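Position one of the sequence shown corresponds to residue 6 (our numbering), numbered consecutively onward.
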Amino acid sequence: MCKKKKGHKCRIPCRECISCNKLCPDFVDAPCPIEHKAPYVCNNCPKSISCLFDKYLYNADYAHKEYCETLRKSRQGIDMTRDELAALDSLVSPLIRKGQPLAHILAHHAEEIP
């Protein structure tokens, strides 16, 4: 990638080289020591301006929005019509009343359960 003649090594370390960075076959990614200890982000790192490692930043507003979206999606309800639910209920309820466990019902009626 650095367009040097074969057998010559590039003088710029791959981490600093804009043209070859992760495409260079000699590139070995060395992880930042910040990634392996709390808080696992670069927000307060004094070296973040001059650091050549990948940056990991925590954004509380973004994290909160993602959390709220996950809560909203998890509480939307089941993806089934009333008729499908009634059919499933008529299949499963009698078997549960007979004492069959859900795992057994699912194993024997898998093709009937959506």
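For each residue, glycine too, the CB sits at the ideal point set by N, CA and C. These figures come from a predicted structure and were not determined experimentally.
Distance CB(residue i)-CB(residue j) smaller than 8 Å
i, j, result
"Pro51", "Glu89", "no"
"Leu96", "His114", "yes"
CB contact check: residue i to chain B, cutoff 8 Å
i, result
"Asn49", "The structure shown has no chain B; it contains just one protein chain."
Whole-angstrom C-beta distance between residue j and residue i, which should lie under 8 Å
i, j, result
"Tyr63", "Val46", "4 Å"
"Tyr61", "Glu40", "7 Å"
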